[in-house]
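The sequence shown begins at 2 in this note's numbering and counts up by one. Cβ coordinates follow ideal geometry from the N, Cα and C atoms, glycine included.
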Amino acid sequence: IIGAPKFLTYPENLNFLTENKETILSCLVSSCPDALISWIKDGIKISQSKRIQFIEDKNNSHEQKVYSLKILSCSKDDSGIYEIIASNKLGEARYNFQNIVEYSPIVVKDLKPKDKCLEGSNYIFECVIIGLPVPDIKW
């Protein structure tokens with residue numbers, strides 16, 4: 002059946018990815034003629050690299066193909082709003098979703114010793130630690 006691209010399956014609206022782990026985000030597209038697929042992150046077209054690959058499953062039927070974005074090692078920079086655009090000469094389909102990369106706690110402001118502390122007075126210890134999910138800090 003000749004027609005504009007249509008998404009049959011796609012990634013979840015919100016995806017939690019793990020830092021330093023591989024992830025594959027896939028969609029099943031029905032299209033005739035074949036669709037041209039573009040992957041966009043935060044409004045900028047994604048290019049293939051050593052870390053990011055585009056995969057097209059040619060084993061499906063002529064009118065349905067699985068297209069995937071494979072990230073070999075996720076980083077915090079992979080968090081963002083993504084868009085898949087499937088287009089052919091008859092039209093296009095778009096789908097938006099969000100990726101959030103969870104990462105280990107990082108100390109961004111370490112404890113600094115105070116010059117003096119008088120015995121019996123209050124003393125405040127302060128440091129800043131970030132992570133996702135938010136770290137549980139115990140003293």
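Query, Result
"List the endpoints of the continuous beta strand (DSSP E) containing Pro-106.", "92-110"
"Where Ser-80 and Asp-58 are concerned, what is the direct C-alpha to C-alpha distance, given to the nearest angstrom?", "25 Å"
"Quick one, are the C-beta atoms of Leu-70 and Leu-26 less than 7 Å apart?", "yes"
"Identify the continuous beta strand (DSSP E) that holds Val-67 and give its terminal residues.", "65-72"
"Helix, strand or coil: how does DSSP classify Asp-79 here?", "helix"
"On the CB-based measure, 16 or more other CB atoms within 10 Å of its CB, does Cys-118 come out buried or exposed?", "exposed"
"Spatial neighbours of Thr-10 within its chain, please: C-beta separation below 7 Å, excluding the five flanking residues on both sides.", "Cys-28 and Leu-29"
"Assign Gly-4 to one of three DSSP states: helix, strand, or coil.", "strand"
"Roughly how many angstroms separate the alpha carbons of Ile-101 and Leu-18, rounded to a whole number?", "6 Å"
"Considering only DSSP beta bridges, list what Glu-57 is partnered with.", "Tyr-68"
"From the DSSP output, read off the bridge partner residues of Leu-37.", "Ser-88"
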